[in-house]
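A.B. asks: Chains as they are written, first to last, in my numbering: chain R, 51 to 158; chain B, 3 to 184. Don't be surprised by glycine CBs; every beta carbon is placed ideally from N, CA and C.
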Amino acid sequence: MNDPGLDPELLRLFDEAPTPAPHEEAFVTTTIAGLERARRARLVRRITGTAVILIAAAIIAPYVAQLTLTVMGWLLDHLPQTGVALISPIGCVCAALIAWRIARRQFT
Amino acid sequence: MTRALSPNALRGADELTVIAAAIAGNDDAYGELVRRRQGPIRQLFRRLCRDPALADDLSQQAFLQAWRHIDTLKSPAAFAGWLRRLAINIWLQRVRTGGPIIEELDVTEELSPPAAMLNEQIDLDGALATLPPTVRLCITLAYAERMSHREICEATQLPLGTVKSHITRGAARLRELLGAYA
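1. Determine the DSSP secondary structure at Gly27(B), reduced to helix, strand or coil.
2. Go to Gln62(B), then tell me how far its alpha helix (DSSP H) extends in each direction, as first and last residue.
3. Starting from the Cα of Arg177(B), find the closest Cα among Thr142(B), Ala129(B), His168(B) and Leu162(B) and give me that residue.
4. Which class does Gln159(B) belong to by DSSP, given the choice of helix, strand or coil?
5. Cutting at 7 Å between CB atoms, please list the residues of its own chain near Ala153(R), excluding the five before and the five after it.
6. Checking contacts by CB at 7 Å: is Gly163(B) closer than that to chain R?
7. So with CB distances below 7 Å, who are the chain B contacts of Ile82(R)?
8. Pro58(R): buried (16+ other C-beta within 10 angstroms of its C-beta) or exposed?
9. The alpha helix (DSSP H) that contains Gln95(B), what's its start and end?
10. Does the segment 80 to 100 of chain R come close enough to the segment 147 to 154 of chain B to have 3 or more Cβ pairs within less than 8 Å?
11. Is it true that the segment 73 to 81 of chain B meets the segment 17 to 29 of chain B, where meeting means three or more beta-carbon pairs spaced less than 8 Å apart?
12. Would you report the Cα separation of Gly14(B) and Leu94(B), rounded to the nearest angstrom?
13. Looking at C-alpha atoms only, which residue of Ser167(B), Gln63(B) and Ile92(B) is the closest neighbour of Ala88(R)?
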């Protein structure tokens, strides 16, 4: 794999002079402890992120529900032919999505 | 399936199985990889910085970084080379940010040995320590890790001409120093 231009004498010296890495167990234990800390930190970040999202959702949810009803009411008033679509599950989901978007915009 | 391997089973498992398990998210498998791979990585850093404590710190950084990104590794067979590249990057970052590294002499300067070394037997690591960090890196990768010029060029992102020049001049410098004290 190595290139042919390498000095054979130096290659021999490198082969004969390995730098031993002592305290293998101590190193492995310390490294694994570091990984544990990193893993816990990652878990805490994920839990915090999820909690923030859940709290935000809980705060926004009443506005979303209210806006969903408003949007549905407005559509029924102005576009009565959409009434059947709106009372279908897909219609409700679409209205909720629109309401969610509006609520998010109001909050940001 | 690889996720379910017990620590005892991991000890006896072949390397590719252990790497595949680590990629799948088995942390015990990654611990086993640290155990198996710590020797070459620590040895590489010891050659590069000659300070055992710093070498171990840098090795831990390499293993931590590898653990964070192991899910991006596509082939278990590529693990050893990938880990070595991470280690090389950590060393280069250290050199670029000016972190504490061992003192060096300018490879282009007059090849008279330092006065303090005159009556001492200079060893290979001592001679290596006199090279600038990037020259030392190229020499170590070529002679200790047996990487080709092209592989060193890819791993270090240094131009091929620079790699060749570093290896030629670094080897000449080592020959001078080691020859003078043999």
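C.D. replies: Quick look at the numbers:
1. As a first step, residue 27(B) is located in the second sequence; it is residue number 25 there, counting from the start. Correct three-state label for Gly27(B): coil.
2. In the second sequence, counting from the first residue as 1, residue 62(B) sits at position 60. First-last of the alpha helix (DSSP H) with Gln62(B): Pro54 to His71.
3. Reading the second sequence from its first residue, position 175 is the one you call residue 177(B). Among Thr142(B), Ala129(B), His168(B) and Leu162(B), the Cα nearest to that of Arg177(B) belongs to Ala129(B).
4. Here residue 159(B) corresponds to residue number 157 of the second sequence, with the count starting at 1. In this structure, Gln159(B) counts as coil in the three-state DSSP scheme.
5. Working through the first sequence from its first residue, we reach residue 153(R) at position 103. Correct list, in chain order: Ile110, Tyr113, Val114 and Leu117.
6. Mapped onto the second sequence, residue 163(B) falls at position 161. Not closer than 7 Å to any Cβ of chain R, the Cβ of Gly163(B) fails to qualify, so no.
7. By 1-based counting over the first sequence, the position of residue 82(R) is 32. Correct list: Gly33 and Val36.
8. Taking the first sequence and counting its residues from 1, one reaches residue 58(R) at position 8. Result: exposed.
9. Residue numbering aside, residue 95(B) sits at position 93 when the second sequence is read from its first letter. Taken as a continuous stretch (DSSP letters only), the alpha helix (DSSP H) holding Gln95(B) covers Phe81 to Arg98.
10. no
11. yes
12. Within the second sequence, numbered from 1, the residue matching residue 14(B) stands at position 12. Within the second sequence, numbered from 1, the residue matching residue 94(B) stands at position 92. Taking the straight line from one Cα to the other gives about 35 Å.
13. If you number the first sequence from 1, residue 88(R) lands on position 38. Per the Cα distances, Gln63(B).
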